[in-house]
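Written out below as structure tokens is the structure these notes cover.
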Amino acid sequence: MFYLLYLYFGDAAKDYPLLNLIQYQTVRTGLAMATAMIVAVAMGSRFINWIRAKQGRGQPIRDDGPVSHL
Numbered sequence: 024m025f026y027l028l029y030l031y032f033g034d035a036a037k038d039y040p041l042l043n044l045i046q047y048q049t050v051r052t053g054l055a056m057a058t059a060m061i062v063a064v065a066m067g068s069r070f071i072n073w074i075r076a077k078q079g080r081g082q083p084i085r086d087d088g089p090v091s092h093l
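Residue 63 in the working numbering is what sits at position 40 of the sequence shown, and the numbering runs on without skipping anything.
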């Protein structure tokens, strides 16, 4: 999907000079990092809650381990 936007904006850069920034790999990398951060912040807590609910009662602890580790 992002590649198609890149192709579209690459062609539209002839009419809008500000869109020439899309041609630089560093700008595309920064936009990808920002998108990943937004998705992580927006979905992170929901994903953690879903994983906790799916796990059930937590990680089992063996009884045969050293007492000092409990």
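Here a beta-carbon is modelled for each residue, glycine too, at the ideal position from N, C-alpha and C.
To which residues of the same chain is residue i closer than 7 Å at the C-beta, ignoring the five residues directly before and after it?
i: Val50; result: Leu44
Would you give the residue range spanned by the alpha helix (DSSP H) that residue i belongs to?
i: Leu28; result: Phe25 to Ala35
i: Ser68; result: Gln48 to Gln78
Only counting the same chain, and skipping five residues up and downstream in sequence, which positions put a Cβ closer than 6 Å to that of residue i?
i: Leu42; result: Phe32, Ala35 and Ala36
In terms of alpha-carbon separation, which member of the options lies closest to residue i?
i: Tyr47; options: Leu30, Asp38 and Asp86; result: Leu30
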